[in-house]
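If you want our numbering, it's the position in the sequence shown, counting the first as 1, plus 2. Ideal Cβ placement from N, Cα and C applies to all residues, glycine included. Reading through the structure tokens given below for one structure.
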Amino acid sequence: MTTKSVEYAESEHVVEWSGSQDFECDEEPHMFPVEIGTGYPGLQLGSSPDFIRIGPLLTGCRFEIRVFSASLLDDGKLKSYRSERLSNSYYVFKALTVSATAALVTRQTFEYPCLKELSTKNPTHPGFQYCTQIIDKFLIRTKYGPHFCFLFEPLGSHLDQLRLDQSPKPVFTISTVKRIVKQTLLALDYLHRECKYIHTDLKPTNILVSFGNRDEEISKYLQEFPSETYKPIVNLEVSPDPIITVKSQPLPNFGLDPSLNNLSIKLGDFGILEYISGFPLFILYTLESDNKPTLNDVHLARFEEYIGPFPADFLERCARRDEYFDKNGSLLRINGIKHIPLEDLIGRVSKVELANIPPLARFMRRCLTIDPSSRATAQELLEDEWLRDA
């Protein structure tokens, strides 16, 4: 991407910057000066083959992620930090930006308290093993300011990429889908009943393949495929130092059988239809209308198409009801919605055997019940007929 003028929104703040020269972003937008940007950690992690990225390198302009060798913690590169809990050789290193660190300190965000509770609340719960565990945290200081850093175990690809890698078609088998769903439900049950949290960003790219301690394989892989960087960029309006972006090089799924019968995941999405068909259930696209429907309108319309109309008593409890529905409970800006039974949709877009479609559709309806007071819990869904042989 080449740009001279950039508008970047984070939370409710919009930042604008106009440079006098073009600036090309390699993978992520690094074009903001520290004064108005989010304060990237200017870490010199070196080009040692002990380093590799788990992409994306920067997510939402908030942090950097690395897989690094624990031995490097002793040589001063990370303030001689040492943790007695480091039993493996490789860890994921997440360095927050200055602004994200400040938000954590001022309790505007609660990432660390949530991660800490998830990692300690109840290790005996069967869903504990399917939640990402934070191993440790520490603080480093750069010339840009303080940065909280978190350590995690290395993980493999996300499930969207894993699905795309399947052949001859980019879909999972039903047995694999059930395996994913059951592990995700166990993780959600742990999250809900033990930790009292609700995950609000469940999607395929937030479920990662877990492969345990693979120090030997990681070492060998890094020897064969050392870290790579893009060509340094010099732009004094952005940074006094050359800007060197490290390429995203995700780790392979070590030890994963091609049949996926030993697949183990860490908590992420719950997109069943996407796993068996290759596309998400609720695709957002705009319809021709004089009332100019928003994406929220289209999302609500997708629900009505596949799940049925919104219950009247539920809408009565919704504070923003009048923004989207008329007095009769119909959408204000989208008309002519045609109901499509889930059974028909599954039959059209997947290779699920006819006999297996009805129990799958019933299970999906239980997951997608509009009124949360009537929706099955993760614990209840684990007892569903469709998952009995998972």
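Pairwise C-alpha distance: L347 and P360: Straight-line Cα distance between these residues: approximately 11 Å.
DSSP state of G349 mapped onto helix, strand, coil: Of the three classes helix, strand and coil, the one that applies to G349 here is helix, per DSSP.
S375, buried or exposed, once every other Cβ within 10 Å from all chains shown has been counted against 16: Of the residues assessed, S375 falls on the exposed side of the cut-off, its CB having fewer than 16 other CB atoms within 10 angstroms.
Buried versus exposed call for I200 [16 or more other C-beta atoms within 10 Å across all chains shown]: Within 10 angstroms of the beta-carbon of I200 lie fewer than 16 other beta-carbons, which makes it exposed.
Identity of the residue in K96, Q110, I372 and F316 nearest F301 by Cα: Note on identity: in this sequence residue 301 is His, with Phe being the wrong assignment. Looking at the Cα atoms, I372 is the closest of the given residues.
Local conformation of L117 per DSSP, three classes: It is helical.
Validate contact between the region 250-266 and the region 213-223 using beta carbons, cut 8 Å, 3 pairs: With a cut-off of 8 Å, the region 213-223 and the region 250-266 count as touching, because enough Cβ pairs lie within range.
Straight-line Cα distance separating P206 from G147: Between G147 and P206, the alpha-carbon positions lie close to 34 Å from each other.
With 16 other Cβ atoms within 10 Å as the buried cut-off, status of P295: Classification for P295: buried.
DSSP three-state assignment for A380, whether helix, strand or coil: DSSP places A380 in helix when its eight states are reduced to three.
Heavy atom of the ligand ATP within 6 Å of Y93 beta-carbon: Annotation note on the ligand ATP: not contained in the displayed structure, which lists no ligands.
DSSP three-state assignment for Y132, whether helix, strand or coil: Reduced to three states, the DSSP call for Y132 is helix.
First through last residue of the alpha helix (DSSP H) which encompasses K180: Per DSSP, K180 belongs to the alpha helix (DSSP H) from I176 to D191.
Close Cβ partners of H473 (< 7 Å) along its chain, the five nearest in sequence each way excluded: Since the first and last residues shown for the chain are 3 and 392, residue 473 lies out of range.
Reduced DSSP secondary structure (H/G/I, E/B, other) of C197: If DSSP states are grouped into helix, strand and coil, C197 belongs with coil.
Reduced DSSP category for E276 - H, G, I as helix; E, B as strand; rest coil: Interpretation of E276 is limited by its pLDDT of 48, a score under 50 that renders its predicted location unreliable; no figure is taken from the coordinates.
Alpha carbon of E355 to alpha carbon of T175, nearest angstrom: Our two residues, E355 and T175, have alpha carbons roughly 11 Å apart in a direct line.
DSSP-derived helix/strand/coil call for C320: In the structure shown, C320 sits in coil (DSSP, three-state: anything other than H, G, I, E or B).
L362 versus S352 - alpha carbon distance: Cα to Cα, the separation comes out at about 12 Å.
Own chain, CB closer than 6 Å to Y232, minus 5 neighbours either side, in chain order: Closer than 6 Å at Cβ, skipping near neighbours: D28 and T247.
Local conformation of L210 per DSSP, three classes: Strand at L210.
When L117, P252 and S101 are compared against Q110, the one with the closest alpha-carbon: Comparing C-alpha distances from Q110 to each of L117, P252 and S101 shows the shortest one belongs to S101.
Three CB pairs or more closer than 8 Å across the region 261-269 and the region 133-142: Result yes; three or more Cβ-Cβ pairs closer than 8 Å.
Residue from R181, D243 and P234 whose Cα sits closest to the Cα of V211: Closest option to V211, Cα to Cα, is R181.
Proximity test, Cβ basis, 7 Å: L297 and chain C: Given the protein chain composition of this structure (a single chain), no chain C is represented.
Proximity to S229 [Cα-Cα], best of K139, K249 and V173: Taking the Cα of S229 as reference, the smallest distance to any Cα among K139, K249 and V173 is reached at K249.
Rounded straight-line distance, which links the Cα of L98 to that of Y83: Note that Y83 has pLDDT 37, beneath the 50 cutoff, so the model's placement of it is unreliable and no number is given.
Buried or exposed by the 16-neighbour rule on C-beta atoms within 10 Å, applied to Q185: Buried.
Minimum C-alpha distance to I339 - residue among D324, R143, K118 and I309: Distance check between I339 and each of D324, R143, K118 and I309 places I309 closest, using alpha-carbon atoms only.
Whole-angstrom C-beta distance between L383 and L187, which should lie under 8 Å: That belief holds up - the Cβ atoms of L187 and L383 are roughly 5 Å apart, short of 8 Å.
With 16 other Cβ atoms within 10 Å as the buried cut-off, status of S169: Classification of S169: exposed, given that the 10 Å Cβ count is below 16.
Residue closest to L161, alpha-carbon to alpha-carbon, out of G129, L204, Q131 and F154: The residue from G129, L204, Q131 and F154 with its alpha-carbon nearest to that of L161 is L204.
Strand pairing of I142, partner residues [DSSP]: When beta bridges are read from the DSSP output, I142 appears opposite H149.
As assigned by DSSP and simplified to three states, the class of K268: K268: strand per DSSP, three-state reduction.
Backbone CA spacing between D386 and Q131 [nearest angstrom]: Between the alpha carbons of D386 and Q131 lies a distance of about 22 Å.
Residue range of the unbroken alpha helix (DSSP H) whose run includes V354: DSSP places V354 in no alpha helix (DSSP H); its state is neither H nor E.
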